[in-house]
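Peer 1: So the sequence shown is numbered by our numbering: it starts at 6 and just counts up by one. Would you mind keeping the following structure in view while I ask a few things?
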Amino acid sequence: MVLHADGRVDLLEVDAPDLLLGYDPASRRQEAVVVVERGATVLLYTDGLVEQRAQSLDTGLGRLRALLSELGSRPLPELCDALLEQLVPSRPEDDVALVAVRLHPQDGPRPAGAAPALVPPGVPPEPAATP
Numbered sequence: 006m007v008l009h010a011d012g013r014v015d016l017l018e019v020d021a022p023d024l025l026l027g028y029d030p031a032s033r034r035q036e037a038v039v040v041v042e043r044g045a046t047v048l049l050y051t052d053g054l055v056e057q058r059a060q061s062l063d064t065g066l067g068r069l070r071a072l073l074s075e076l077g078s079r080p081l082p083e084l085c086d087a088l089l090e091q092l093v094p095s096r097p098e099d100d101v102a103l104v105a106v107r108l109h110p111q112d113g114p115r116p117a118g119a120a121p122a123l124v125p126p127g128v129p130p131e132p133a134a135t136p
């Protein structure tokens, strides 16, 4: 899912999902390119976060979408902890993993917890700080 800076949440999906990774190594994989604007948060997760025997997949995805919209402004570690706390039962039925990445706005100061300032070729440099 992608949480945009304006609060919209998009589910990144395809019409016909691929086979489970590793099920058939010869199986062809689909590719897609999505442009994600700075300030957005990308959330990658396994099915254990949204699938439970007592609810439909659509219900689980809806709950995740609503929580991501509601809690998305939190720092990433807090966001991930809150999603796990609210979506995963105390005795999970499946493995659960999630990764959240936030693209900080390039026109603002670099967040304290950001990775080293390695910028790929073609990305404009950050503006110099003004005293």
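Think of the CB as a built atom: it goes at the ideal place given N, C-alpha and C, for glycine as much as any other residue.
Taking the continuous beta strand (DSSP E) assigned at Leu49, which residues delimit it?
Peer 2: Element bounds for Leu49: 46-50.
Peer 1: Decide if Val55 is buried, meaning its Cβ has at least 16 other Cβ atoms within 10 Å, or exposed.
Peer 2: buried
Peer 1: Rounding to the nearest angstrom, what Cα-Cα distance links Asp63 and Ala31 in this structure?
Peer 2: 30 angstroms
Peer 1: Could you name the residues of the same chain whose beta carbon sits closer than 8 angstroms to that of Asp15, not counting the 5 residues immediately before and after it, in chain order?
Peer 2: Met6, Val7, His9
Peer 1: Mind listing, in chain order, the continuous alpha helix (DSSP H) runs of no fewer than 4 residues lying wholly within the region 41-101?
Peer 2: 62-76, 81-92
Peer 1: When burial is assigned at 16 or more other CB atoms within 10 Å of the CB, is Gln35 buried or exposed?
Peer 2: exposed
Peer 1: Could you say which of Ala71, Val101, Gln57, Val106 lies nearest to Tyr50 if we only look at CA atoms?
Peer 2: Val101
Peer 1: Quick check on the burial criterion: 16 or more other C-beta atoms within 10 angstroms. Buried or exposed for Arg33?
Peer 2: exposed
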